[in-house]
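Scroll down for the structure; my scribbles are underneath it.
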């Protein structure tokens, strides 16, 4: 599994699009150092990758039944669940490392967005409020 497949699996372009907002938030909170910006980047990429990976794993069967999403990696069988879970573990480690290197409070609070990422794929099955929840996830 190469970078191109991983980038496609987690929709890296969505992560890249969100980075300006991440860094604007960092500057609105204060005057971050270069190292803080690096750890924020690590945490943000990890969080975004984890969220996308969990969404793909949780929605695998639904994606397989939908013609629009049947070609996705897990739905089509081009990626194994083991690989997807391994990628999620790597992204979770990035999130925890980045959060921990920023400060202990960030690390202690990091389970909150992880829980939000797990809830979103289930919420979208039952209510239109999932769009609101996705906004909450993006804000975390």
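In the numbering used here, the protein residues as written are 28 to 167.
Glycine residues also receive a C-beta, built at the ideal position from the N, C-alpha and C atoms.
Where does the unbroken alpha helix (DSSP H) through residue 82 begin, and where does it stop? Counting along the chain, the alpha helix (DSSP H) containing residue 82 begins and ends at 61-85.
Rounded to whole angstroms, what's the CA-CA distance from residue 88 to residue 117? Just pull it up for me. 23 Å
Output the distance between the C-alpha atoms of residue 73 and residue 153, rounded to the nearest integer angstrom. Going from the Cα of residue 73 to the Cα of residue 153 covers about 27 Å.
I'd like the span of the alpha helix (DSSP H) that includes residue 184, first residue to last. Given a span of 28 to 167 for the chain in the structure shown, any question on residue 184 remains unanswerable.
Member of 145, 151, 149, 94 whose CA lies at the smallest distance from the CA of residue 75: 145
Spatial neighbours of residue 46 in its chain, beta-carbon cut-off 8 Å, leaving aside the 5 residues before and after: 68, 71
Can residue 102 and residue 120 be called in contact, C-beta distance under 8 Å? no
From residue 52 to residue 58, what distance separates their C-alpha atoms? 11 Å
Whole-angstrom distance between residue 148 and residue 60, CA atom to CA atom: 35 Å
On the three-state DSSP scale, how would you describe residue 160? helix
At which residues does the alpha helix (DSSP H) containing residue 31 begin and terminate? 30-36
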